[in-house]
Each structure stands twice: as structure tokens, then as C-alpha cells.
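Numbering (the numbering used here), first residue to last: 200 to 564.
Right, dumping it as C-alpha cells:
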């Protein structure tokens, strides 16, 4: 299994990782999927120049620029965002934007001087300092992004397909901050979407449904390559029905509570036949209908979507109305609190019970 670090969390599975070069074929692959933060392909254009950015009478120099995913790769032809900043901060403390462009390779007309140039490709980006000479030849500026692509998908169990609308991914940095949290890189990433990232390790959180089917894994993104990862969820989709007989129609106006084997509630619904995605394990389905409670234990097997029928004959026993009440003893002479039954008072012994048996001559001394 390629592309996953050995320290991926125990119990979390990646079914498949494929690395493909990010050359011409990989760029063609980009066109086959919906891209995040992509831009339409644009010609090599003279960028937008901020008004007043060039002093009057100063000769502007042509500065060509291109970006590559790796040092020995081919130039990226689309999806780039270019920004040129002045190195001197403005009154607001920010670096003024001098010029910008979108598309592939760009050519800027800049006055001699120093600048900061930033180019981004999706979530991947790099910044470098640029010095434009007053005389002499201006070299083409080549920016190396050191970036790759990541395409995520997931299955349930061994190979059960998951509907895209039931699946989402979040991408976090691999480093844990001082507060114990990870930096969020991108949230709510849809499956089969290419995300452009700087090379490195990322922590992926995959959610199947909205209850408790969550898988985490660490994935390595390599520069110039497309990493395809299929994550294996240990979960299944369960539909619940309250029926009078096995295989019967679901009874409406039923409130459901789904409990884990430890008794923790993981899901609730008011529906004739609610559907939930649950991580594999043991659960109890509790159905309430017309002040009566019905319950059934069941087990979720990864990748096995199924129906769970709760029969109305499986009614839970109700406590009797005349259930015994706790009797609390109170000292004699103490007023009885409301709702507390006083302890029965034993009768005083009779004289005959106190006098020892044996005749009239027997003394009490």
C-alpha cells in the first residue's frame, strides 16, 4: 500500500493508494474531475497592474514567469494565480499588490526594484523575492511549487460503493498544535475531487453519513504526483421499521432512539422508517408509539446495508401503577413529611406478658 505512513491510526484503513506522475497525462486527468478553486484557462497575459504602481518616466521591464510542480517538471499551463507585491508595507501594515494574473505562464511589466512574487496552484503555493534590474537582460522567473494532487474516495466494508452525497472529507495538517488541535487545510471535500497541495503529510478525516461512521488516516502527498486514496469505512446503512408482523408495513408516528451497547444514544428520529449510517458494532433500537415502547437489539456488519424490524409484540414491561413505595422510619414524635408513610407503631406489652410465669410468689425484683 503506497502513500500511507506506517503511523496511521490503528483500526483505520486505506484500501488503495495510487501515485501517478503529474506530467501531461496527470494534467489531462485534472480535466476529468471537478476541481477545487480552479480558474478557467487563460492565455499568457500581461497582468493587471495597479494604478500608480510604476513611477512616471521610469522604463518598465518585461518579466516572464512560469511555475512547475517539480524542478525537472514541465510548466503548469492552467490553474495558476500570480501576485506581485511591493516589499514596503503600506499604512495598513499590508504589502501593496502591484500586479496579478491568472492562468498559466505570465509576463509582467515592472519598474526596476525589489518585489515579492507569489504563485498558487489550488492549496499549493510558493513565494520568492524578485529583483528587477534597471539595465541588462531580465531572466525568466521559474517558480517551483513542490506540489502534488490528492484524490479521495471511500468504500464501505470490502468494496460496497458509497453514494457521493453521503461522503465527505476534511484535510488537516499532520502537525498537532500546542492546543492539541490540527490546522484545517480544507473542509467538506467531495469524493473524486482533485485537491492541489504542497508536498507533505496530511491528516484525512472521512465522514460517512452524519452519525458515528468516521475514519482517520495520514496520507503522504508527493511532489509532481497524483495520490489516489480509497478509504475503507467499517460501517453500514440501516433502515428501521416498527411493524405488527414480520415483513409488514412500517407504522407511522414512531419516535426512534438508537443506543450503543453501552447505552449511549447515537441517533434519534421521528419517522415511519428512518435510515442511519452506523459504525459496525452492537446497538439497540428503541421505538415509541402511542405511549408504548418496543425494543430490539441488533448488530451492524461493515458493508452490509440492511433493514431492522422491531415487532410490536416486543413491548417492554411497564412499571405497575401500584408499585411498592419505600417506607421511611421516622423517630416518634417527629411530624411525618409529605409523601412518607409513617412506620407502624407496635402496641405496648400487657401485664401478663411482663410477669414471669411461675406463681404468685414470684417477685419482679
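The beta-carbon is built from N, C-alpha and C at its ideal position, and this holds for glycine as well.
Original post:
Where does residue 387 sit, in a helix, a strand or coil, going by DSSP?
Top reply: Within the chain shown, residue 387 is the residue found at index 188, counting from 1. Strand.
Original post:
Ends of the beta strand (DSSP E) at residue 315?
Top reply: Against the chain shown, residue 315 aligns to sequence position 116. Note, residue 315: beta strand (DSSP E), 312 to 320.
**OP:** Please look up how many angstroms separate the CB atoms of residue 384 and residue 399, rounded, as I've assumed it's under 8 Å.
**Re:** The residue given as residue 384 occupies position 185 in the chain shown. The residue given as residue 399 occupies position 200 in the chain shown. Rounded, the Cβ-Cβ distance is 10 Å, inconsistent with contact.
Original post:
Can you tell which of 261, 346 and 405 has the C-alpha that lies nearest to the C-alpha of residue 340?
Top reply: As a first step, residue 340 must be located in the chain shown, where it is residue number 141. Among 261, 346 and 405, the Cα nearest to that of residue 340 is on 261.
Original post:
At what residues does the beta strand (DSSP E) containing residue 569 begin and finish?
Top reply: With the chain covering 200 to 564 only, the question about residue 569 has no answer from this structure.
**OP:** Just mark residue 360 as buried or exposed, buried being the case when its beta carbon has 16 or more other beta carbons within 10 Å.
**Re:** The residue labelled residue 360 in the question sits at position 161 within the chain shown. With fewer than 16 Cβ atoms within 10 Å of its Cβ, residue 360 is classed as exposed.
Original post:
Since residue 296 contacts residue 314 with CB under 8 Å, what's their CB separation in whole angstroms?
Top reply: The residue given as residue 296 occupies position 97 in the chain shown. The residue given as residue 314 occupies position 115 in the chain shown. With a Cβ gap of about 11 Å, residue 296 and residue 314 do not count as contacting.
Original post:
residue 465: which of 443, 373 and 480 sits nearest, CA to CA?
Top reply: As a working note, residue 465 is residue 266 in the chain shown. With distances taken between Cα atoms, residue 465 lies closest to 480.
**OP:** Within the same chain, show all residues whose beta-carbon is closer than 6 Å to that of residue 323, passing over the 5 residues directly before and after it, in chain order.
**Re:** The residue given as residue 323 occupies position 124 in the chain shown. Contacts found: 344, 346, 395, 396 and 397.
Original post:
Within the chosen definition, does the region 273 to 287 reach the region 297 to 306 through at least 3 CB pairs nearer than 8 Å?
Top reply: yes
**OP:** Look up residue 523 in the DSSP assignment and say whether it is helix, strand or coil.
**Re:** The sequence position of residue 523 within the chain shown is 324, counting from 1. Confidence at residue 523 is low in this model, with a pLDDT of 41, below 50, so its placement is unreliable and no value can be given for it.
Original post:
Hey, residue 403 and residue 418: beta-carbon distance below 7 Å or not?
Top reply: Against the chain shown, residue 403 aligns to sequence position 204. Against the chain shown, residue 418 aligns to sequence position 219. Contact: yes.
**OP:** Count the other CB atoms, across all protein chains shown, that sit within 10 Å of the CB of residue 508; report buried if there are 16 or more and exposed otherwise.
**Re:** Indexing the chain shown from 1 puts residue 508 at position 309. Answer is buried; the Cβ neighbour count reaches 16.
Original post:
When the distance is taken between beta carbons, is residue 482 closer than 7 Å to residue 472?
Top reply: Taking the first residue of the chain shown as position 1, residue 472 is located at position 273. Taking the first residue of the chain shown as position 1, residue 482 is located at position 283. For residue 472 and residue 482, no; Cβs fall outside 7 Å.
Original post:
Among 311, 320, 309 and 312, which residue has its Cα nearest to the Cα of residue 301?
Top reply: Within the chain shown, the letter at position 102 stands for residue 301. Checked all of 311, 320, 309 and 312; the closest Cα to residue 301 is 320.
**OP:** Locate the beta strand (DSSP E) running through residue 347, then write down its first and last residues.
**Re:** In the chain shown, counting from the first residue as 1, residue 347 sits at position 148. Residues 346 to 355.
**OP:** Output the distance between the C-alpha atoms of residue 382 and residue 372, rounded to the nearest integer angstrom.
**Re:** By one-based count along the chain shown, residue 382 stands at place 183. By one-based count along the chain shown, residue 372 stands at place 173. Taking the straight line from one Cα to the other gives about 5 Å.
Subject >> Selection from 478, 438 and 446 that minimises the alpha carbon distance to residue 468 >> reply: Sequence index remark: in the chain shown, residue 468 carries index 269 (1-based). Looking at the Cα atoms, 438 is the closest of the given residues.
Original post:
Hey, which unbroken runs of the beta strand (DSSP E) at 3 residues or more fall wholly within the region 403 to 462?
Top reply: 412 to 420, 424 to 432, 434 to 442 and 454 to 459
**OP:** Compute every distance between the C-beta of residue 432 and the non-hydrogen atoms of the ligand ATP, then say whether any falls below 6 Å.
**Re:** The ligand ATP is not part of the structure shown, which contains no ligands of any sort.
Original post:
Skipping 5 residues on each side, what residues in its chain have a beta carbon closer than 8 Å to that of residue 376?
Top reply: Numbered from 1 along the chain shown, position 177 holds the residue referred to as residue 376. Result list for residue 376: 382, in chain order.
Subject >> Alpha carbon of residue 316 to alpha carbon of residue 430, nearest angstrom >> reply: Counted from its first residue, the chain shown places residue 316 at position 117. Counted from its first residue, the chain shown places residue 430 at position 231. Each residue's alpha carbon lies about 37 Å from the other.
Original post:
Once you ignore the five residues that flank residue 454 on each side, which residues in its own chain have a CB closer than 8 Å to its CB?
Top reply: What you label residue 454 is simply residue 255 of the chain shown in a count that begins at 1. Result list for residue 454: 467, 468, 469, 486, 487 and 488, in chain order.
Subject >> residue 274 - partner residues in DSSP beta bridges >> reply: For the purposes of this step, residue 274 is taken as the residue at position 75 of the chain shown. BP columns for residue 274 point to 267.
Original post:
What's the gap between the Cα of residue 444 and the Cα of residue 492?
Top reply: Locating residue 444 in the chain shown gives position 245, where the first residue counts as 1. Locating residue 492 in the chain shown gives position 293, where the first residue counts as 1. Roughly 16 Å separates the two Cα atoms.
**OP:** Measure the C-alpha to C-alpha separation of residue 338 and residue 328 and round it to an integer number of angstroms.
**Re:** One-based indexing of the chain shown puts residue 338 at position 139. One-based indexing of the chain shown puts residue 328 at position 129. When rounded, the distance between both Cα atoms is 14 Å.
Subject >> Separation of residue 307 from residue 334, as counted between CA atoms >> reply: Taking the first residue of the chain shown as 1, we reach residue 334 at position 135. Taking the first residue of the chain shown as 1, we reach residue 307 at position 108. Each residue's alpha carbon lies about 16 Å from the other.
Original post:
Identify the residues that DSSP records as bridge partners of residue 330: which are they?
Top reply: One-based indexing of the chain shown puts residue 330 at position 131. BP columns for residue 330 point to 313.
Original post:
What are the start and end residues of the beta strand (DSSP E) that includes residue 342?
Top reply: Taking the chain shown and counting its residues from 1, one reaches residue 342 at position 143. From DSSP, the beta strand (DSSP E) with residue 342 extends over 340 to 343.
Original post:
Just the Cα atoms here: how many angstroms apart are residue 276 and residue 309?
Top reply: Walking along the chain shown from the start, residue 276 turns up at place 77. Walking along the chain shown from the start, residue 309 turns up at place 110. Approximately 22 Å, taken between the alpha carbons.
**OP:** Below 6 Å CB to CB, which residues in the same chain sit around residue 408 once its five sequence neighbours on both sides are set aside?
**Re:** Residue numbering aside, residue 408 sits at position 209 when the chain shown is read from its first letter. Within the same chain, residue 408 has close Cβ partners 365 and 476.
Original post:
Excluding the five sequence neighbours on either side, which residues of its own chain have a C-beta within less than 8 Å of the C-beta of residue 442, listed in chain order?
Top reply: Taking the first residue of the chain shown as position 1, residue 442 is located at position 243. Around residue 442: 448, 449, 450, 508, 509, 510 and 511.
Original post:
Which partner residues does residue 307 have in the DSSP bridge list?
Top reply: Here residue 307 corresponds to residue number 108 of the chain shown, with the count starting at 1. Answer is 262, bridged to residue 307.
Subject >> Cβ-based neighbour list, residue 369, same chain, cut-off 6 Å, excluding 5 preceding and 5 following >> reply: Here residue 369 refers to the residue found at position 170 of the chain shown. Same-chain partners within the cutoff: 386 and 404.
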